[in-house]
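Heads up: the structure comes next, in structure tokens.
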Amino acid sequence: MNIKFKKLNKTIVNCKKCPRLANFVKKISLKKRKQNINEEYWGKPVTGFGDLNAKIMIIGLAPAAHGGTRTGRAFTGDKSGDFLFKSLYSAKISNQNFSKKINDGLKLNSTYITNILKCVPPGDKPKNNELTRCSNYFIQELDYLKNLTVIVALGKVAFDNCLKIYKKRFKINKKFEFKHGKKYLLPDNKTLIASYHPSPRNVNTKVVTANMINLLFKKAKRIAKF
0 MNIKFKKLNK TIVNCKKCPR LANFVKKISL KKRKQNINEE YWGKPVTGFG
50 DLNAKIMIIG LAPAAHGGTR TGRAFTGDKS GDFLFKSLYS AKISNQNFSK
100 KINDGLKLNS TYITNILKCV PPGDKPKNNE LTRCSNYFIQ ELDYLKNLTV
150 IVALGKVAFD NCLKIYKKRF KINKKFEFKH GKKYLLPDNK TLIASYHPSP
200 RNVNTKVVTA NMINLLFKKA KRIAKF
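Per the working numbering, residue 0 is the first one in the sequence shown, and the count goes up by one each step.
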């Protein structure tokens with residue numbers, strides 16, 4: 000890992016700028032789910048991970064309460080992640096079709112996965128000041144990934160908040176519609192692709208299917224040229 004990312008990740012893990020989020024993460028880590036009762040939870044902000052020469056960035060809004068907050072890695076150890084990594088493996092973006100825990104052998108091909116908010120918020124609803132504070136970390140990730148050309152936003156909330164950061168940073172007023180598979184060229188020449196979130200609700204109600212996500216990641220690879 001390069002020095003910039005090492006320093007950034009250390010800052011993220013030690014961050015306590017949002018007392019409400021820090022307290023909630025601590026509470027989750029002490030009041031564990033029944034099926035994880037004997038596990039030690041990560042219980043800290045969750046950094047991004049993957050290939051630091053990535054051409055594609057995959058973003059969610061925040062770590063899952065008993066996924067990333069438990070395992071210490073984004074989209075790892077929850078049902079959304081289970082679905083996601085089957086698709087990434089199908090698209091030849093990951094070397095395996097599962098992501099259970101840190102050090103499980105997972106490797107990403109030219110792809111970096113992160114969340115806009117590094118801590119899980121109560122009710123999955125962050126406050127604006129929390130998003131503003133945490134957005135600086137996301138901006139640094141964008142800036143440090145020098146080969147990045149495509150951002151895939153999983154879910155409307157991640158899509159909207161990514162655009163909120165871009166609109167503030169680049170002073171853009173254009174309207175962006177959230178529609179699965181729709182792509183937009185951003186002011187820094189990165190392409191933003193909207194994707195339905197692979198949540199259990201969306202999967203079970205067929206709002207999103209494996210084929211839809213597989214095709215979307217293949218499209219992302221074509222745009223990123225790898």
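Just so you know, even glycine gets a beta-carbon here, dropped at the ideal spot from N, CA and C. Nothing here was measured: the structure is a model prediction, and the numbers come from that model.
Item checked: Three-state secondary structure assigned by DSSP to Lys-106 -> Your numbering for residue 106 matches position 107 in the sequence shown. Here Lys-106 sits in coil by DSSP.
Next item on the list: Would you kindly work out how many angstroms separate the C-alpha atoms of Thr-70 and Ala-219, rounded to a whole number?
Entry: The count along the sequence shown starts at 1 and reaches residue 70 at position 71. The count along the sequence shown starts at 1 and reaches residue 219 at position 220. When rounded, the distance between both Cα atoms is 27 Å.
Next item on the list: Would you mind reading off the limits of the alpha helix (DSSP H) that contains Val-202?
Entry: Position 203 of the sequence shown, counted from the first residue, corresponds to residue 202. 199-203 is the extent of the alpha helix (DSSP H) around Val-202.
Check: What number of angstroms, rounded off, separates the C-alpha of Ile-174 from the C-alpha of Tyr-143?
Finding: Counted from its first residue, the sequence shown places residue 174 at position 175. Counted from its first residue, the sequence shown places residue 143 at position 144. Rather than Ile, the amino acid found at residue 174 in this sequence is Lys. The alpha-carbon atoms of Lys-174 and Tyr-143 are separated by roughly 27 Å.
Notebook entry, point to check: Fully enclosed by the segment 97-169, which beta strand (DSSP E) runs are 3 residues long or longer?
Noted result: 110-114 and 149-153
Notebook entry, point to check: Taking Cβ positions, are Ser-86 and Asn-213 nearer each other than 7 Å?
Noted result: As a working mapping, residue 86 is identified with position 87 in the sequence shown. As a working mapping, residue 213 is identified with position 214 in the sequence shown. Against a cut-off of 7 Å, the Cβ pair of Asn-213 and Ser-86 comes out as a contact.
Check: What residues match up with Thr-190 in a beta bridge as DSSP calls it?
Finding: Start at 1 with the first residue of the sequence shown, and residue 190 comes out as number 191. Per DSSP, Val-149 and Leu-184.
Note to self: Let me check understanding here. Comparing Cα to Cα, which of Lys-170, Asn-188, Lys-163 and Val-156 lies closest to Lys-178?
What the structure shows: If you number the sequence shown from 1, residue 178 lands on position 179. If we check each option's Cα against that of Lys-178, Val-156 comes out closest.
Item checked: Integer-rounded CB distance, given that Leu-147 should sit under 8 Å from Lys-54 -> Counting from 1 along the sequence shown, the entry for residue 54 is found at position 55. Counting from 1 along the sequence shown, the entry for residue 147 is found at position 148. 6 Å between Cβ atoms; contact.
Note to self: Any heavy atom of the ligand GTP closer than 6 Å to the beta-carbon of Lys-15?
What the structure shows: Absent from the structure shown: the ligand GTP. Ligands present: none.
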